[in-house]
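Q: Residue numbers (this note's numbering), protein chains in the order written: chain A, 1 to 108; chain B, 109 to 523. Glycine included, each C-beta is placed from N, C-alpha and C at the ideal position. Below: one structure in structure tokens.
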């Protein structure tokens, strides 16, 4: 069972309280997207094996969205941060680098 | 290849069973092949088999990171059916189902195909309507399915509780020609046949790099040295995105764990496959007597072949309500596989942005039933450098063009 910190409720929750909203920080450029760019936004995913950055929602709680960094190999959870952050905070990246030697930094 | 038959068994019985040979050879990689297939699971092996059988292409190697059939091929609930909604899905799944019927004879290996019938329960009004629609679609494309009433459901599966209370059974979609097969035997039978046709099976060989020049593939770097090839096909299910990242493109795929479990072995109590899609649970009984139980996928991407405990609990809870008689059974084993799920729940059999590099993936939670059909279609695509009529609808372009083959409505969950 994953224990993930909800930054809004300021407490740890079980995974059954939460839903995962998939990969975070995917940018939709603008309304002039062509088909290929729209495919990249809608469907193409990194589906990374290792440290990932995701959106999660505290469904059976405050109902709010936030970001989580997690490892998709061993389910290690590194930390949560605000949904308003357009990239992972530096302090979190430093923490992940300390914990995981295989982490090569955040890829946009 | 020594033929398996009643005579060879009798002969070996007098010979002290000393004459049996290894079912397949363990090969060292050569420097170059015509075709490289990455992934020695069912789909990869079937692709190699049909390349040799249908097109006489045998200078082929199958590379496998772990061991043969150790991924999803050995981790599923072995259900075979073809009662899909869309024309293109029905085409490939029905092809696969019909190939399964003669597979034991084709491979000279008993894959224990057992067309015991697959029953999909309707437990909400919505599902009942959706299944009726599927039945009509099946009839149009000549797939043998029919709707059955709750009383008929009870007759087919006497142990079922059709009265709810939460999800009463309102009907069912019955495919009598669906069933199960022994999943390991499918991998082993295909491997044995491939090996006898001269195809190299190279286990413990991980792909570490993809080499291409001028937009065309030239070979692969592996943990056992570089191998050259003009045509390469990735058939690696859950790890498709990892290899695609090595090759420099992204796929519309998310890798999520899907779990299955078996109970302790008991006397025969259910002689068909029952799928309850509303409550996320399927049940069948293996020849050993274990109840084989499958559930839904986890809610987040992961590459660990375990899955979350809360999902096992959910699956078992749902099945105990539908089959109260199993409530005191103990769980014997539980495992997970990494399902490569696409947005429309349909597979990808396609060319890629790199010339000579093909991909067969996205079977998600229901790849086992498609093994021979998928191999057939992928072999055709590799030979012709263009997908044939079976594979064409499943190209990667469909996501760009918005031409989705929506099976998520037809199945709603893992299937």
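Which residues does DSSP pair with residue 67 of chain A in a beta bridge?
A: Indexing the first chain from 1 puts residue 67 of chain A at position 67. For residue 67 of chain A, which the question treats as bridged, DSSP gives the partners A/55 and A/81.
Q: Using a C-beta cutoff of 9 Å, does residue 2 of chain A count as contacting chain B?
A: Taking the first chain and counting its residues from 1, one reaches residue 2 of chain A at position 2. Residue 2 of chain A counts as touching chain B.
Q: Give the residues of chain A in contact with residue 362 of chain B, contact being defined as C-beta atoms less than 9 Å apart.
A: Locating residue 362 of chain B in the second chain gives position 254, counting from the first residue. In chain order: 22, 23, 45 and 47.
Q: Within 9 Å (strictly less), CB to CB, does residue 72 of chain A reach chain B?
A: The sequence position of residue 72 of chain A within the first chain is 72, counting from 1. Taking Cβ atoms only, chain B reaches closer than 9 Å to residue 72 of chain A, which makes this a yes.
Q: If distances are taken between C-alpha atoms only, which option among B/236, B/282, B/259 and B/232 comes closest to residue 251 of chain B?
A: Position 143 of the second chain holds residue 251 of chain B. Here the closest residue by C-alpha is B/282.
Q: Work out the CA separation of residue 295 of chain B and residue 311 of chain B for me, nearest whole Å.
A: The residue given as residue 311 of chain B occupies position 203 in the second chain. The residue given as residue 295 of chain B occupies position 187 in the second chain. Cα to Cα, the separation comes out at about 13 Å.
Q: Count the other CB atoms within 10 Å of the CB of residue 221 of chain B; is the residue buried (16 or more) or exposed (fewer)?
A: Counting from one through the second chain, the residue named residue 221 of chain B turns up at place 113. Buried, because 16 or more other Cβ atoms sit within 10 Å of the Cβ of residue 221 of chain B.
Q: Buried or exposed for residue 522 of chain B, going by 16 or more other Cβ atoms inside 10 Å?
A: Within the second chain, the letter at position 414 stands for residue 522 of chain B. Low local confidence applies: a pLDDT of 46 at residue 522 of chain B is under 50, so the model's placement there is unreliable, with the coordinate-based value given in what follows. Per the 10 Å Cβ criterion, buried.
Q: Once DSSP output is grouped into helix, strand and coil, what is the label at residue 522 of chain B?
A: Numbered from its first residue, the second chain carries residue 522 of chain B at position 414. Residue placement at residue 522 of chain B cannot be trusted, given a pLDDT of 46 that sits under 50; what the coordinates show is reported in the next sentence. In the structure shown, residue 522 of chain B sits in coil (DSSP, three-state: anything other than H, G, I, E or B).
Q: Please classify residue 226 of chain B: does DSSP put it in a helix, a strand, or coil?
A: Translated into the one-based positions of the second chain, residue 226 of chain B becomes position 118. Of the three classes helix, strand and coil, the one that applies to residue 226 of chain B here is strand, per DSSP.
Q: Under 7 Å Cβ to Cβ from residue 493 of chain B, same chain only, skipping five residues before and after it: list those, please.
A: Position 385 of the second chain, counted from the start, is the residue given in the question as residue 493 of chain B. So no residue of the chain qualifies.
Q: Residue 509 of chain B CB to nearest chain A CB: under 9 Å?
A: Here residue 509 of chain B is taken as the residue at index 401 of the second chain, counted from 1. Interface residue, yes.
Q: By how many angstroms is the C-alpha of residue 119 of chain B removed from the C-alpha of residue 446 of chain B?
A: Walking along the second chain from the start, residue 446 of chain B turns up at place 338. Walking along the second chain from the start, residue 119 of chain B turns up at place 11. Using only the alpha carbons, I get a separation of about 43 Å.
Q: Report the residue from B/386, B/432, B/417 and B/380 whose alpha carbon sits nearest the alpha carbon of residue 400 of chain B.
A: By 1-based counting over the second chain, the position of residue 400 of chain B is 292. The candidate whose alpha carbon is nearest that of residue 400 of chain B is B/380.
Q: Return the chain-ordered list of same chain residues with a C-beta closer than 7 Å to the C-beta of residue 292 of chain B, the five sequence neighbours on each side being excluded.
A: As a position in the second chain, residue 292 of chain B is number 184, starting the count at 1. Counting only residues of its own chain and dropping the five nearest sequence neighbours on each side, residue 292 of chain B has a CB closer than 7 Å to the CB of 177 and 182.
Q: Between B/398, B/155, B/460 and B/433, which lies nearest to residue 440 of chain B when the distance is taken from Cα to Cα?
A: The count along the second chain starts at 1 and reaches residue 440 of chain B at position 332. Per the Cα distances, B/398.
Q: The beta strand (DSSP E) that contains residue 208 of chain B, what's its start and end?
A: For the purposes of this step, residue 208 of chain B is taken as residue 100 along the second chain, with counting starting at 1. No beta strand (DSSP E) holds residue 208 of chain B; the alpha helix (DSSP H) holding it covers 195-209.
Q: Determine the chain B residues that contact residue 16 of chain A at a beta-carbon separation under 8 Å, and present them in chain order.
A: Locating residue 16 of chain A in the first chain gives position 16, counting from the first residue. The contacting residues are 418.
Q: How is the alpha helix (DSSP H) around residue 505 of chain B delimited, first residue to last?
A: Reading the second chain from its first residue, position 397 is the one you call residue 505 of chain B. Residues 505-509.
Q: Counting only Cβ pairs nearer than 9 Å, list the residues of chain B close to residue 35 of chain A.
A: Working through the first chain from its first residue, we reach residue 35 of chain A at position 35. By Cβ distance, chain B contributes 508, 509 and 510.
Q: Determine, using beta carbons only, whether residue 32 of chain A comes closer than 9 Å to chain B.
A: Here the question's residue 32 of chain A lines up with position 32 in the first chain. Not closer than 9 Å to any Cβ of chain B, the Cβ of residue 32 of chain A fails to qualify, so no.
Q: Have a look at residue 419 of chain B and residue 404 of chain B and give me their C-alpha separation to the nearest angstrom.
A: Looking up residue 419 of chain B in the second chain gives position 311. Looking up residue 404 of chain B in the second chain gives position 296. Rounded to whole angstroms, residue 419 of chain B to residue 404 of chain B spans 7 Å at the Cα level.
Q: Measure the beta-carbon distance from residue 316 of chain B to residue 308 of chain B and round it to whole angstroms, keeping in mind my assumption that it falls under 8 Å.
A: Numbered from its first residue, the second chain carries residue 316 of chain B at position 208. Numbered from its first residue, the second chain carries residue 308 of chain B at position 200. With 8 Å as the limit, residue 316 of chain B and residue 308 of chain B do not qualify as a contact, their Cβ atoms being about 19 Å apart.
Q: Counting Cβ pairs closer than 8 Å, one from the segment 188-203 of chain B and one from the segment 90-97 of chain A, do we hit at least three?
A: Flag = no, the segment 188-203 of chain B and the segment 90-97 of chain A do not touch.
Q: Using the C-alpha atoms, what's the distance from residue 326 of chain B back to residue 393 of chain B?
A: Working through the second chain from its first residue, we reach residue 393 of chain B at position 285. Working through the second chain from its first residue, we reach residue 326 of chain B at position 218. About 47 Å.
Q: Determine whether the Cβ of residue 19 of chain A lies closer than 9 Å to any Cβ atom of chain B.
A: Taking the first chain and counting its residues from 1, the one referred to as residue 19 of chain A is at position 19. Taking Cβ atoms only, chain B reaches closer than 9 Å to residue 19 of chain A, which makes this a yes.
Q: CA-CA distance, residue 499 of chain B and residue 458 of chain B?
A: Taking the first residue of the second chain as 1, we reach residue 499 of chain B at position 391. Taking the first residue of the second chain as 1, we reach residue 458 of chain B at position 350. Each residue's Cα considered, the two are about 7 Å apart.
Q: Does the beta-carbon of residue 105 of chain A have 16 or more other beta-carbons within 10 angstroms, so that it is buried, or is it exposed?
A: The residue you call residue 105 of chain A lines up with position 105 of the first chain. Exposed, since its Cβ has fewer than 16 Cβ neighbours within 10 Å.
Q: By the three-class DSSP mapping on this structure, what secondary structure does residue 306 of chain B have?
A: The residue given as residue 306 of chain B occupies position 198 in the second chain. Residue state, collapsed to three classes: coil.
Q: Please name the residue, chosen from A/65, A/34 and A/72, that lies closest to residue 46 of chain A on a Cα-to-Cα basis.
A: For this step, residue 46 of chain A is matched to residue 46 along the first chain. Checked all of A/65, A/34 and A/72; the closest Cα to residue 46 of chain A is A/72.
Q: Candidates B/479, B/486 and B/351: which alpha carbon is nearest residue 186 of chain B's?
A: Sequence index remark: in the second chain, residue 186 of chain B carries index 78 (1-based). The option with the nearest alpha carbon to residue 186 of chain B is B/479.
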